[in-house]
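A.B. asks: Residue numbers (the numbering used here): -6 to 431.
Positions of the beta carbon are idealized from the N, C-alpha and C atoms, including for glycine.
#1: Expressed to the nearest angstrom, what Euclidean distance is found between the alpha-carbon atoms of residue 252 and residue 219?
#2: Quick check on the burial criterion: 16 or more other C-beta atoms within 10 angstroms. Buried or exposed for residue 398?
#3: Quick check on DSSP: helix, strand or coil for residue 138?
#4: Buried or exposed for residue 308, going by 16 or more other Cβ atoms inside 10 Å?
#5: As a quick exercise: from 78, 198, 88, 235, pick the residue whose alpha carbon is nearest that of residue 29.
#6: Buried or exposed: residue 415, going by 16 or more other Cβ atoms within 10 Å of its Cβ?
#7: Taking Cβ positions, are residue 404 and residue 374 nearer each other than 7 Å?
#8: Determine, using beta carbons only, whether residue 376 and residue 195 come nearer to each other than 7 Å.
#9: Quick one: residues in its chain with C-beta nearer than 6 Å to the C-beta of residue 263, no 5 flanking neighbours on either side, listed in chain order?
#10: Using the three-state DSSP reduction, which class does residue 421 fall into: helix, strand or coil?
#11: Out of 156, 124, 125, 78, point me to the one whose CA is closest to residue 107's CA.
#12: For residue 148, collect the residues of the same chain with a Cβ closer than 6 Å to its Cβ; drop the 5 residues on either side in sequence, then sort them by chain order.
#13: Taking the alpha-carbon positions, what's the residue 124 to residue 361 distance?
#14: On the DSSP letters alone, give me the boundaries of the alpha helix (DSSP H) that residue 88 sits inside.
#15: Checking the sheet assignment: what are the DSSP bridge partners for residue 360?
#16: Measuring alpha carbon to alpha carbon, tell me which of 325, 240, 287 ends up nearest residue 190.
#17: Taking Cβ to Cβ, would you say residue 40 is nearer than 7 Å to residue 93?
#18: How would you write the range of the alpha helix (DSSP H) that residue 209 sits in, first residue to last?
#19: CB residue 91 to CB residue 53, shorter than 7 Å?
#20: Along the chain, where does the beta strand (DSSP E) that runs through residue 343 open and close?
#21: Does the count of Cβ pairs from the region 169 to 177 and the region 139 to 158 closer than 8 Å reach three?
#22: For residue 239, tell me which candidate among 270, 101, 221, 287 has the shortest Cα-Cα distance.
#23: Put residue 271 into one of helix, strand or coil per three-state DSSP.
#24: Go ahead and pull the three-state DSSP assignment for residue 47.
#25: Helix, strand or coil: which one does DSSP assign to residue 220?
#26: Count the other C-beta atoms from every protein chain shown that fall within 10 angstroms of the C-beta of residue 299, then say buried if there are 16 or more, exposed otherwise.
#27: Rounded to a whole number of angstroms, what is the C-alpha to C-alpha distance between residue 249 and residue 243?
#28: Once the 5 residues before and after residue 413 are set aside, which same chain residues still bring their CB inside 6 Å of it?
#29: If you drop the 5 nearest sequence neighbours on each side, which residues of the same chain put their C-beta closer than 6 Å to that of residue 146?
#30: Leaving out five residues before and five after residue 36 in sequence, what residues of the same chain have Cβ atoms less than 8 Å from its Cβ?
#31: Could you name the residues that DSSP lists as bridge partners for residue 156?
#32: In angstroms, rounded to a whole number, what distance separates the CA positions of residue 427 and residue 111?
#33: Suppose you measure from the CA of residue 11 to the CA of residue 80; what does that come to, to the nearest Å?
#34: In this structure, how does DSSP classify residue 196 when only helix, strand and coil are distinguished?
#35: Taking 8 Å as the limit between beta carbons, can you name the residues of its chain near residue 290, skipping five residues before and five after?
#36: Sorted by chain position, which residues of the same chain lie with C-beta nearer than 7 Å to residue 340's C-beta, five sequence neighbours on each side aside?
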């Protein structure tokens, strides 16, 4: 997701005074305030547990276009759990939502206090995972509830969510905000378009993953045997079918799996899973980006790219991170080929770039993903490479065949507008919540 290389886990816990307050919610007054009928109107009423994470702007914009009633409660970034619970209860009492909505289970504490509160309120929760559920939920066992419906952007994560204990799970891929990501011709009266600095035959936007790898390696500094192994494990994970690091270790690396299980607690085990995932992403991404160097690409991302591509001469341009909302649409429109390579945390799913780029009327060259063929017609609406060895030839072909490139971009845009906007996604989510909980 944009500028977010490491998924955020659920909140660490709820303060004792907040827990005491939750324990007192048993009375006729409680039933009067919170025992209202859900889904009584045609348009669902939604309470959004709001943070600054990716997707919240898109959700609010889509709900506005649907004209569905919306209330929000801000998730505290640190302390403030008691005030959060109070605001949450006040909003539920006043607004009477049909369900609460969050992304990546944000706002739900690891100890399950808010999960228990939702059950007591008989208020359904829709949680939309747009990062690996395994890397977020990990081994926190008190988060499953019959009042929680889980929507995941990766169809391959659904069996694991069922195993975790969630009764209601469904596939809901990412999409795009078709108003923000749209073709906009440059103003002919303007002497220089803001997009001029983005002009490139080929571009890649993404993190080098150097920093996330270093951060998680530092967390395991006291375990030198695992540090010595993680690069080998990452190389294996990058080419194997296992969707989770834990599965890979258990199936193919028994000694490493034993060392993983022997780690003292959830946090170091999560650090190892993240370390292997991000290193697998780093080496895969670097190998693919090197295939773009003959085209003098524009690389947009963190300064780790300077380290990763050191010694490669001046065959590429670097630009620091761009703002997803204000600058990225301009960049997509300014480049002939927008190159995409998906994070290893999503082995079958697609990221938002395969929707955002064609929504702009631009061309994306993306890696083959099993779920992509369910969303686009490959060869007509999307062009894929099946391995590093195909990247250079495909890029060269579509750079020299502009009419074909434009035709694919326009067909992709038509498909996005017909099926893959966030209005489509939120409508699907709302209909599913009504079917389960009305």
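C.D. replies: From the atom records:
#1: Here residue 252 corresponds to residue number 259 of the chain shown, with the count starting at 1. Here residue 219 corresponds to residue number 226 of the chain shown, with the count starting at 1. Going by the C-alpha atoms only, they are around 7 Å apart.
#2: Along the chain shown, one-based indexing puts residue 398 at 405. It counts as buried.
#3: Along the chain shown, read from residue 1 onward, the residue named residue 138 stands at position 145. If DSSP states are grouped into helix, strand and coil, residue 138 belongs with coil.
#4: Here residue 308 corresponds to residue number 315 of the chain shown, with the count starting at 1. Answer is exposed; the Cβ neighbour count stays below 16.
#5: In the chain shown, counting from the first residue as 1, residue 29 sits at position 36. Nearest option by C-alpha distance: 88.
#6: Reading the chain shown from its first residue, position 422 is the one you call residue 415. Residue 415 is buried by the Cβ-count criterion.
#7: Numbered from its first residue, the chain shown carries residue 404 at position 411. Numbered from its first residue, the chain shown carries residue 374 at position 381. In contact: residue 404 and residue 374 (Cβ atoms closer than 7 Å).
#8: Numbered from 1 along the chain shown, position 383 holds the residue referred to as residue 376. Numbered from 1 along the chain shown, position 202 holds the residue referred to as residue 195. No, these two residues do not count as a Cβ contact at 7 Å.
#9: In the chain shown, counting from the first residue as 1, residue 263 sits at position 270. If we look at residue 263 and ignore the five residues flanking it on each side, its Cβ neighbours are 131.
#10: Numbered from 1 along the chain shown, position 428 holds the residue referred to as residue 421. Here residue 421 sits in helix by DSSP.
#11: Numbered from 1 along the chain shown, position 114 holds the residue referred to as residue 107. Of 156, 124, 125, 78, the residue nearest in Cα terms is 78.
#12: As a first step, residue 148 must be located in the chain shown, where it is residue number 155. The residues are 164, 364.
#13: Walking along the chain shown from the start, residue 124 turns up at place 131. Walking along the chain shown from the start, residue 361 turns up at place 368. Rounded to the nearest angstrom, the two C-alpha atoms are 19 Å apart.
#14: Taking the first residue of the chain shown as 1, we reach residue 88 at position 95. Run containing residue 88: 74 to 88, per the alpha helix (DSSP H) assignment.
#15: Position 367 of the chain shown, counting from 1, holds the residue named residue 360. DSSP, once it has assigned bridges, lists 378 as partnering residue 360.
#16: Here residue 190 refers to the residue found at position 197 of the chain shown. When only C-alpha atoms are compared, the closest one is 325.
#17: For the purposes of this step, residue 40 is taken as residue 47 along the chain shown, with counting starting at 1. For the purposes of this step, residue 93 is taken as residue 100 along the chain shown, with counting starting at 1. The answer is yes: Cβ separation under 7 Å.
#18: Indexing the chain shown from 1 puts residue 209 at position 216. It spans 203 to 212 - the alpha helix (DSSP H) in which residue 209 sits, taken as one unbroken run.
#19: As a position in the chain shown, residue 91 is number 98, starting the count at 1. As a position in the chain shown, residue 53 is number 60, starting the count at 1. No, they are not a contact pair.
#20: Stepping through the chain shown from its first residue, residue 343 is reached at position 350. First-last for residue 343: undefined, no H or E at that position.
#21: no
#22: Taking the chain shown and counting its residues from 1, the one referred to as residue 239 is at position 246. Looking at the Cα atoms, 270 is the closest of the given residues.
#23: Locating residue 271 in the chain shown gives position 278, counting from the first residue. In this structure, residue 271 counts as helix in the three-state DSSP scheme.
#24: The residue you call residue 47 lines up with position 54 of the chain shown. The answer is coil: DSSP assigns residue 47 none of H, G, I, E or B.
#25: As a working note, residue 220 is residue 227 in the chain shown. Three-state DSSP puts residue 220 in a helix.
#26: Position 306 of the chain shown, counting from 1, holds the residue named residue 299. Residue 299 is exposed by the Cβ-count criterion.
#27: The residue given as residue 249 occupies position 256 in the chain shown. The residue given as residue 243 occupies position 250 in the chain shown. Spanning the two alpha carbons is a distance of roughly 8 Å.
#28: Taking the first residue of the chain shown as position 1, residue 413 is located at position 420. Excluding sequence neighbours, residue 413 sits near 168, 348.
#29: Sequence index remark: in the chain shown, residue 146 carries index 153 (1-based). Counting only Cβ-Cβ distances below 6 Å, and skipping sequence neighbours, we find 123, 166, 167, 342.
#30: As a first step, residue 36 must be located in the chain shown, where it is residue number 43. Closer than 8 Å at the Cβ level, and outside the excluded window around residue 36, lie 59, 60, 61, 62.
#31: As a first step, residue 156 is located in the chain shown; it is residue number 163 there, counting from the start. Answer is none; residue 156 lacks a bridge partner.
#32: Here residue 427 refers to the residue found at position 434 of the chain shown. Here residue 111 refers to the residue found at position 118 of the chain shown. Computed Cα separation, rounded: 17 Å.
#33: Along the chain shown, one-based indexing puts residue 11 at 18. Along the chain shown, one-based indexing puts residue 80 at 87. Bear in mind that the predicted position of residue 11 carries a pLDDT of just 49, short of 50, making it unreliable; the figure below should be weighed with that in mind. Distance between the alpha carbons of residue 11 and residue 80 is about 12 Å.
#34: Your numbering for residue 196 matches position 203 in the chain shown. Three-state result, residue 196: strand.
#35: Counting from 1 along the chain shown, the entry for residue 290 is found at position 297. The residues are 193, 194, 195, 196, 197, 282, 309, 310, 332.
#36: What you label residue 340 is simply residue 347 of the chain shown in a count that begins at 1. 149, 236, listed in sequence order.
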